[in-house]
Amino acid sequence: MYRSFGTVLVILFVLQSSSRGDSPVVAVRSQAPFPPIVAAEEDPAGEETVFEVLRGDFHIHTPHSDGRVSPEGRVLEAWRYGYDVIAITDHGNFYAYEEAKPHAEALGLLLLRGIETGIAGQEHIVALDFAADYEPRNPHRWAETEDQENVFYQEQMQRLADAGGYMLYAHPHVGLREPMLWAIERGLLRGIEVKNDVVGQRWNTVESHGTWWSPFALDWALEHDLAVFANSDIHGTRGEESQAVTLLLVEERSVSGVVDAIEANRTIAHFNGMLCAREELLDLMIQNLVEVTTAGEAEGRHKIQVANRGPIPLEATVGMEGESETVLKLDAFESLLIGWDEPLSEVDIVWTNLWVSSEDNLQTTHRLGSGDE
Numbered sequence: 005m006y007r008s009f010g011t012v013l014v015i016l017f018v019l020q021s022s023s024r025g026d027s028p029v030v031a032v033r034s035q036a037p038f039p040p041i042v043a044a045e046e047d048p049a050g051e052e053t054v055f056e057v058l059r060g061d062f063h064i065h066t067p068h069s070d071g072r073v074s075p076e077g078r079v080l081e082a083w084r085y086g087y088d089v090i091a092i093t094d095h096g097n098f099y100a101y102e103e104a105k106p107h108a109e110a111l112g113l114l115l116l117r118g119i120e121t122g123i124a125g126q127e128h129i130v131a132l133d134f135a136a137d138y139e140p141r142n143p144h145r146w147a148e149t150e151d152q153e154n155v156f157y158q159e160q161m162q163r164l165a166d167a168g169g170y171m172l173y174a175h176p177h178v179g180l181r182e183p184m185l186w187a188i189e190r191g192l193l194r195g196i197e198v199k200n201d202v203v204g205q206r207w208n209t210v211e212s213h214g215t216w217w218s219p220f221a222l223d224w225a226l227e228h229d230l231a232v233f234a235n236s237d238i239h240g241t242r243g244e245e246s247q248a249v250t251l252l253l254v255e256e257r258s259v260s261g262v263v264d265a266i267e268a269n270r271t272i273a274h275f276n277g278m279l280c281a282r283e284e285l286l287d288l289m290i291q292n293l294v295e296v297t298t299a300g301e302a303e304g305r306h307k308i309q310v311a312n313r314g315p316i317p318l319e320a321t322v323g324m325e326g327e328s329e330t331v332l333k334l335d336a337f338e339s340l341l342i343g344w345d346e347p348l349s350e351v352d353i354v355w356t357n358l359w360v361s362s363e364d365n366l367q368t369t370h371r372l373g374s375g376d377e
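In our numbering, the protein residues as written are 5 to 377.
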């Protein structure tokens with residue numbers, strides 16, 4: 005299942021039962037909920053926007069290209085692993101969408117239409133939520149110039165955009181070349197994968213922060229205002245290891261709500277125990293997931309409590325003048341007490357598994373109050 009989270013809810017789904025009276029085959033979904041993420045608006049009325057956090061995977065393959073699990077199987081698999089929304093993105097076609105849709109609807113799993121295509125021997129593009137009448141041309145054989153035999157990439161990206169497609173750069177293994185810069189400048193390329201499970205140590209990934217991924221892609225996303233994604237690119241069956249996940253902050257649990265979140269860059273790449281996103285989004289998450297309060301005095305030390313109200317383990321360091329640095333490891337839904345020599349009015353925390361660039365961790369300041377306030 006989705007190993008990064010503690011199991012707090014188990015749902016059983018009966019797949020089939022034998023006519024011979026054998027025991028039914030049962031699938032189990034493990035899912036730990038996020039609390040609502042509340043963002044205070046700037047308007048004088050003080051209106052608040054409340055987001056729900058969904059778990060997504062937007063790069064999946066079936067036998068309609070080079071995958072080995074049926075569209076129906078992909079839906080059930082994603083449901084079992086705790087995903088809320090997926091896109092099946094076969095190479096060059098989207099036949100799997102119609103096959104998978106009724107099964108997704110039956111399980112309450114959101115499904116986006118998707119496809120993988122791209123430039124011959126170079127960039128791969130994942131496109132999402134385009135119109136049903138879009139007709140792919142020369143997938144993975146787009147030409148870089150107009151005078152080549154195959155279709156021109158600029159025309160094809162514009163056709164996808166005209167069909168309502170949202171495009172992201174998959175496993176950015178050939179760098180940020182002119183074709184992608186051209187698409188970014190025109191608002192055609194809107195997202196990028198910073199983690200792709202299937203490429204592993206290949207395709208110019210970098211070993212960094214304890215795993216192989218594309219940290220440079222996180223910096224490109226920040227520089228060019230792209231949404232970040234962590235996707236599986238799964239071809240075979242999922243294993244027991246932790247899965248790449250794209251977290252989305254949605255105002256509405258629907259396909260349109262997911263698309264709105266993606267277009268607004270409310271995405272967080274979650275993999276290998278890390279969260280990667282722009283600073284304001286991770287700061288919003290921490291301000292909602294973490295509560296820091298005073299907890300009285302004992303044995304001559306002033307106590308503060310740091311509580312993780314969410315399903316993601318957090319790692320941090322807390323350092324105050326005159327005190328040695330304190331390392332925190334907060335499991336999901338766990339609280340810790342820290343003792344200080346002097347009473348504090350606020351505390352600064354560096355979140356060492358939350359990355360706002362390839363080199364920088366999120367830092368937050370928490371004003372202290374009692375747990376009763």
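Ideal placement from N, C-alpha and C gives every residue a C-beta, glycine not left out.
So, helix, strand or coil for residue i, using DSSP?
i      : result
LEU361 : The residue you asked about is not Leu; residue 361 is Ser in the sequence shown. In the structure shown, SER361 sits in coil (DSSP, three-state: anything other than H, G, I, E or B).
VAL155 : coil
GLN160 : helix
GLU150 : coil
PHE98  : coil
HIS274 : strand
ARG33  : strand
VAL351 : strand
GLN291 : helix
ARG78  : helix
ALA136 : coil
ASP166 : helix
ILE15  : Here ILE15 scores only 43 on pLDDT, less than 50, and its place in the model should not be relied on; the value that follows carries that caveat. Of the three classes helix, strand and coil, the one that applies to ILE15 here is strand, per DSSP.
ALA281 : coil
THR187 : As written in the sequence, residue 187 is Ala, which differs from the Thr given in the question. Residue state, collapsed to three classes: helix.
TRP83  : helix
PHE38  : coil
ALA44  : strand
GLU346 : coil
GLU227 : helix
TYR6   : The predicted model places TYR6 with a pLDDT of 41, which falls under 50 and marks its position as unreliable; any figure quoted below should be read in that light. Note: TYR6 maps to coil in three-state DSSP.
ALA320 : strand
GLU108 : The sequence shown places Ala at residue 108, rather than the Glu named in the question. Three-state DSSP puts ALA108 in a helix.
ALA221 : helix
Taking residue i as the reference, which of the options has the closest Cα?
i      : options                           : result
TRP355 : SER34, ILE129 and VAL310          : VAL310
ASP94  : LEU116, ARG305, GLY71 and ARG78   : GLY71
PRO40  : ILE290, GLY300 and SER236         : ILE290
GLY195 : GLU148, VAL202, PRO176 and HIS213 : PRO176
VAL232 : GLU81, GLU109 and LEU172          : LEU172
GLU103 : PRO67, PHE134 and GLY169          : PRO67
LEU180 : TYR101, HIS274, GLU227 and ASP237 : GLU227
ALA320 : ALA124, GLN367, ALA174 and ASN235 : GLN367
PRO317 : THR298, LEU285 and ASN357         : ASN357
ASP345 : THR215, GLY304, GLY118 and SER361 : GLY304
GLU120 : ARG78, PRO143, ARG190 and SER34   : PRO143
SER339 : THR369, GLU329, LEU293 and GLY323 : LEU293
VAL57  : LEU348, ASP364, GLY277 and ALA265 : ALA265
ASP137 : GLY118, ILE272 and HIS128         : GLY118
ALA108 : TRP83, GLU127, GLY122 and GLN126  : TRP83
Compute the beta-carbon to beta-carbon distance between residue i and residue j, rounded to the nearest angstrom, for a pair I have assumed lies under 8 angstroms.
i      : j      : result
LEU116 : VAL89  : 7 angstroms
PRO183 : TYR157 : 6 angstroms
ASP406 : VAL249 : No information on residue 406 is available, as it lies outside the stretch 5 to 377 that the chain covers here.
GLN162 : LEU192 : 7 angstroms
CYS280 : VAL198 : 6 angstroms
HIS65  : ILE238 : 7 angstroms
ALA131 : LEU164 : 5 angstroms
TYR85  : ILE92  : Not quite, the Cβ-Cβ distance comes to about 15 angstroms (not below 8 angstroms), so this is no contact.
Within 10 Å of its beta-carbon, does residue i have 16 or more other beta-carbons around it, so buried, or fewer, so exposed?
i      : result
VAL30  : exposed
ASN208 : exposed
ARG371 : exposed
GLY375 : Low confidence applies here, because GLY375 scores a pLDDT of 49, under 50, leaving its location unreliable; read the following figure in that light. Under this definition GLY375 is an exposed residue.
ASP229 : exposed
LYS333 : exposed
ALA225 : buried
ASP201 : buried
ALA234 : buried
GLU150 : exposed
VAL296 : buried
VAL79  : buried
SER236 : buried
PRO219 : buried
SER349 : exposed
VAL262 : buried
ALA44  : exposed
On the DSSP bridge assignment, give the partners of residue i in chain order.
i      : result
MET171 : ALA131 and LEU193
ASN200 : ASN235
GLY123 : Per the sequence shown, residue 123 should be read as Ile rather than Gly. DSSP output for ILE123 lists TRP146 as bridge partner(s).
VAL262 : VAL262 pairs with nothing; no bridge assigned.
SER69  : Answer is none; SER69 lacks a bridge partner.
THR369 : ASP352
PHE3   : There is no way to answer for residue 3, as the model of the chain reaches only from 5 to 377.
Would you please verify whether the beta carbon of residue i is less than 7 angstroms from any beta carbon of chain D?
i      : result
LEU293 : You won't find chain D in this structure, because it holds only one protein chain.
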